[in-house]
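Structure first, then comments.
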Amino acid sequence: MDWIPQWSAHTVIPDIVATLICLVVQTSFEDALLAMEANPVMTQILARFVLNLRPQTRNLSSDVISSTLATLLQEFMKTNERTVFWNEGMRGNLSPFDDMDCDFWGAGWGIKCVSSTLDEYVALFKKLKESAPPEPKAGSKRTKLEAGHAALVKMLEGRLPTIEAELARIQRARKKIAQRNMLIAQAEVRETRTRRQTTRPDYAYLNDPDEDDQDEYKYQEDEEEEDHLGDDDFQSDGPSTSRRVTTEGRRRSSRAKKPNGSVPRTMDEWGEWRGERRSARLGAPSDNQLDGPPPKRARTVESTASSVDVVSPIVPSGGNGIKLKMNGAAAIKPTETVVEAVAGKKKSKFWVYAVEPIQSSAGIGPTAPAELDQSGGTSAVDQYHSTLQRAALLTKRITKARESREELFRAVKNLDRLSDMLCGVIDLAELIRNAHPDPNWVQSAEHVYDKMCEFMNVLNTHVELSDVLRAVLSDPEVAKSLGPEAKETALIFLRDFEKSGINLPPAQRTQFVSLSSEILLLGRQFLNEASAARPPAIIKPSELKGLKDKNMGTRIQLQARFTQRDLVVYPGSLQAQMIMQSAPQEEPRRKVYMAANSSTPEQIAILERLLRARGELAQLVGKESFAHMTLNDKMAKSPESVMRFLEALMEHTKPYARNALRALSQRKREHLNTPPYPTIQAWDRDYYCPPEPPAPPVSLPPLTLGTVFMGLSRLFRNLYGITLRLTAIAPGEVWHSDVRKLEVVDENLGIIGWIYADLFSRRGKPSGAAHYTVACSRRKDDDDEARDLQNVEDESTLNVVQLSREFEARHHSRIPGEVGIFKLPVVVLECEFTRPSISRGPTILAWHEVLTLFHEMGHAMHSMIGRTEYQNVSGTRCATDFVELPSILMEHFLNSPTVLSLFDLNGNLPIHQPGHHAHDDPCRSIDTHTQILLAALDQIYHSPAALSPSFSSTETLATLYGARGLIPHVPGTSWQTQFGHLFGYGATYYSYLFDRAIASRVWRKLFAHDPLNRDMGEKYKNEVLRYGGGRDPWRMVSALLDAPQMENGDPEAMAEVGRWKIEDEVSVPGRH
């Protein structure tokens, strides 16, 4: 990476830049530029000076020198007067950057324009010295430019040793970084996929217009109020809206990631919503090990590792029920309802979940244990060695399975046990390293995570394990004995081993590892560049005349008048969004759009090399393209089927999108008084149809957090006979006092799982919503653990593995009516809702937060109900293009007044059936059409075309938009470098559209007329949710919809799904 000194209060400016700054201060830079004499070398020095001071902040006042110079240079190049940039032959001022490798004013300016070797600097100084003006004659004085030139030469000559030392230091640092990245890549190339991030495409905006953390002029972040109380200490001051409060030390979303309305609306990559995390799995291919950048981890100094300050809302009471014991509050019986947030009443409870009255479940299900004993002694985070040693013993047993028919029959079960054994620690460590507020716990969890994944990486390329699996599937008697779940589990393991290149010859396997390593490095670089700040747009104040946002418009006008220069507007900033939505003149919107969608040649090269490397990897394992390799085990099965689906969906959507576009064109005609139906450009979309935040279909009173959970519990009771019940938390069981524990209780089976809810924002907590699968369901009573240890005679070894056995022996239950003892699922739901406090009152959820909660609870209930004998197919462990169906379907329920009535505490909530969706966005069909185009682009990028020497990602994008787009592609833009989903969702970007279509069909056929129908709920539970990933998704869909023609999942079935109507009133982006 070339040397780019950063101008900020926290950066030490290298001597050469400091010298140049001194020179600017000592001389009149403006006068020098206006001098009649031209000096090319001085121009080059100044050009590099400006490049080295590339603005690093969005607060204009903090970078006065570089922004002033940039504006000054731009203005002087426009003037007809002679300046230092004057060219006599051209009779005009030329850009000093024309002879450089990039354009300072365009998308290409950046690091490659900066000298980075001592020889380059020496050569530059030599030219500068040679071009120095001669000594003035006696009695005459130097001009200001000549004096500045001489002073610069003198100072720079004395700085060469310092520059040499600085450049040597930079080279050493670069070498260390390169070595570290290579080591990371080599470690990760064998890493099993430890989570699956289901970040969903962004179809519309969820940005709160009142959100303060987007204010570009807010230099100091607000301190979070620390006046929040315990659950029962609050005396309600009335409801408040759920606004985020920026806190010092808490990560804020990069403004470069915020959509302006001008950029194709994809999800803010790994930013706002991180989504459901898939458990670790043995045998996952190395290219799929990492779907995105490592999430930011919660680190803060004021939190403690222990949770001794937890106020347990419900504690056991002698087995005769449960009591509410919180600062003297009245006890509550198990048949009573916990109500909360009654404004004006003393002792109102504003967090406790409001749950339905249920029968006492004493004696049903297991007693909830403490997950982590932080009060003392050893924990699972520290004693991972026990699991490693036990896993090694089980691995040895599996590799010898071919020596015994009995062991061969148990091989699939033992492979699943091995995977579950490792996942139990890896998934818990994954949660802790992301959610725990104590840096010591985070550090320990990361250490455990790395060590466990290192061991699993060895298993991923374990030839003997693969050979045993092949022996099982090739033996007719053994294969026939496998049940549906066992067979699906075996096939998953086999496909994953094959994708890891385990069948390749040694030389090709080495190449496979090398390519996988390169893909991981390129993927990280691509994601970093996708979120990198784009160069600003330079806008004249006169171009903002008539700005509809009067307050912000006046503010910008005053800023421009005060500074007496053009405005520097950064893409993604609040100002950029305001201009795109409110500026009447087209030119400022065009400038912001061009800036927001620019890319450097390096950014484009990184993406295209990533696509090529993926194609080479696929061909190495015998596949035609990366898309063919990826889609082999998905519902789509092939790229051809995906394109059939997208073509059908596009034909269905295009008429609606064209009507919406025609309406925009009519608005533009009325605004500009132009001929009928002028062309809508990309920068017109948000001005003529501003994005609208989601809103409920009917008017609702403020919804508190507990009220929403009460509604969820009522909905699940009506559909599945399942309720949510707040339960006690043991000391040290959770990582923060905010965390609450819910028992998921079936009316016939008792407790079927647990949900830990960590829902409030705090310092250091990662932003967005996430669903972590900490423990998967599987059958335990037929494990035959004794044979794992039958050849172990060492007493110390038996003592070591005993800790792992005790750790794994938790959450077991004998389910009534079912054979066997099952390990029950445990999930963690993480959100970032506003914390209740004295000043703000109870937490009131905005509508998009209610949608988010329903979406994530769809994943959680899939995990709870999808109880299978094999953990590798339990719950959400299913195909990528199927896993979003339960969560999207949950959002549909919020469109029903019948379901919204479940939020009513007292039976007097005014719910009326609306004639149409109260907040329908007329332009959402345009956004859906855009998402179809992006899904098609994803398929093209991962087709064999990516291996063509003439492949250009920009030309491919332009060609696709030219042939199928509604809004013309803008030449000079290259938005694809910000399409972060290309890494985490390579060749599967269609998945969300696909699941939206299926969910819409399920809703209309099963629930639209009677959303609380128990029979339909039971059908959905029994045909879809209970199988997890243990059944072909096409069989589940066909049985659910009574459509046997869909069962084979052929290309025609994909096309048929594309012809189903997508309900645009739901599934607002940002939830996964």
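Residues in the sequence shown are numbered consecutively from 790, following my numbering.
Note that CB positions come from ideal geometry on N, CA and C, so glycine has one too.
Nearest by alpha-carbon distance to GLN1394: which of ALA1735, SER1526, SER1789, ARG1179 is it?
For clarity, residue 1394 is Ala in the given sequence; the question names Gln instead. When each option's Cα is compared against that of ALA1394, the closest is ALA1735.
For ARG1179 and VAL1487, I'd like the C-alpha separation in whole angstroms.
56 Å
Short of 7 Å in beta carbon distance, which residues of its chain neighbour PRO1800, apart from the five on each side in sequence? Order them along the chain.
Excluding its 5 nearest sequence neighbours in each direction, PRO1800 has C-beta neighbours in its own chain below 7 Å: PHE1682, SER1685, THR1687, VAL1688, listed in chain order.
Taking the C-alpha atoms as reference points, what is the distance between PRO1675 and ASP1839?
22 Å
On a Cα-Cα basis, can you pick out the residue from VAL1615, MET1646, GLY1404, PRO1467 that is closest to ILE1756?
PRO1467
Starting from ASP1547, trace the alpha helix (DSSP H) in both directions and tell me its first and last residue.
Note, ASP1547: premise wrong, no alpha helix (DSSP H); beta strand (DSSP E) at 1539-1549.
Within the continuous alpha helix (DSSP H) that includes ILE1393, where are the two ends?
Taken as a continuous stretch (DSSP letters only), the alpha helix (DSSP H) holding ILE1393 covers 1390-1409.
With burial defined as no fewer than 16 other Cβ atoms inside 10 Å of the residue's Cβ, what is the status of THR1766: buried or exposed?
buried
Pull up the CB-CB distance for TYR1779 and ALA1724, whole angstroms please, since I reckon it's below 8 Å.
With a Cβ gap of about 4 Å, TYR1779 and ALA1724 count as contacting.
Quick test of the definition: if touching needs 3 or more C-beta pairs under 8 Å, does the segment 1616-1623 touch the segment 1569-1583?
no
Can you tell me whether GLU1332 is buried or exposed, with buried defined as 16 or more other CB within 10 angstroms of its CB?
Buried.
What is the DSSP secondary structure of HIS1560, counted as helix, strand or coil?
strand
Please classify GLU924 as buried or exposed, where buried requires at least 16 neighbouring CB atoms within 10 angstroms.
GLU924 is exposed by the Cβ-count criterion.
For VAL1846, is the classification buried or exposed, using 16 other Cβ atoms within 10 angstroms of its Cβ as the cut-off for buried?
buried
Buried or exposed: where does GLN1591 fall if 16 or more other Cβ atoms within 10 Å of its Cβ makes it buried?
So GLN1591 ends up on the exposed side.
Consult DSSP for PHE1611 and reduce its assignment to one of helix, strand or coil.
When secondary structure is reduced to three states using DSSP, PHE1611 falls in the strand class.
According to DSSP, which residues form a beta bridge with GLU1619?
ASP1547, ALA1559
Nearest-angstrom Cα distance between ARG1753 and LEU1722?
8 Å
Let me make sure I understand the geometry here. Which of ARG1785, ASP1216, VAL1252, GLU1318 has the alpha-carbon closest to that of TYR1238?
ASP1216
What's the gap between the Cα of ALA912 and the Cα of PRO922?
18 Å
What is the rounded straight-line gap between the Cα of SER1626 and the Cα of ALA1828?
49 Å
Roughly how many angstroms lie between the CA atoms of ASN1386 and VAL1357, to the nearest whole one?
16 Å
Hey, HIS1731 and GLY1775: beta-carbon distance below 8 Å or not?
Cβ atoms of HIS1731 and GLY1775: closer than 8 Å.
Considering only the beta carbon of each residue, do ARG1354 and ILE1368 sit closer than 8 Å?
no
For the alpha helix (DSSP H) holding ARG1378, just list the boundary residues, first then last.
1375-1385
In three-state terms, what does DSSP make of ALA744?
This structure gives no information on residue 744, because the portion of the chain shown stretches from 790 to 1861.
For a test of the three-state rule: what should DSSP assign to LYS786, helix, strand or coil?
Nothing about residue 786 can be reported from this structure: the residues present for the chain run from 790 to 1861 only.
Report the rounded CA-to-CA distance for ASN1661 versus ALA1322, giving the unit in angstroms.
Taking the straight line from one Cα to the other gives about 40 Å.
Please check the pair PRO1760 and GLY1553, which I expect to be a contact at CB under 8 Å, by giving their CB distance rounded to whole angstroms.
Contact annotation, PRO1760 with GLY1553: C-beta distance approximately 44 Å; criterion of less than 8 Å not satisfied.
Would you mind working out which of GLN1728, LEU1830, SER1789 sits nearest LEU1771, comparing C-alpha positions?
Looking at the Cα atoms, GLN1728 is the closest of the given residues.
Just the Cα atoms here: how many angstroms apart are LYS1810 and ALA1234?
36 Å
Taking contact to mean at least 3 C-beta pairs separated by less than 8 Å, is the segment 1192-1210 in contact with the segment 1534-1547?
Short answer: they don't touch.
So if DSSP puts SER1626 in a beta bridge, which residue, or which two residues, is it bridged to?
GLY1630
In angstroms with no decimal places, state the Cα-to-Cα distance between ARG1820 and ASP1475.
44 Å
Checking 8 Å against the spacing of the C-beta atoms, do LEU1262 and ALA1402 come in under that value?
Contact annotation: LEU1262 and ALA1402 have beta-carbon atoms that are not nearer than 8 Å.
With DSSP as the reference, label THR1188 as helix, strand or coil.
If DSSP states are grouped into helix, strand and coil, THR1188 belongs with the helices.
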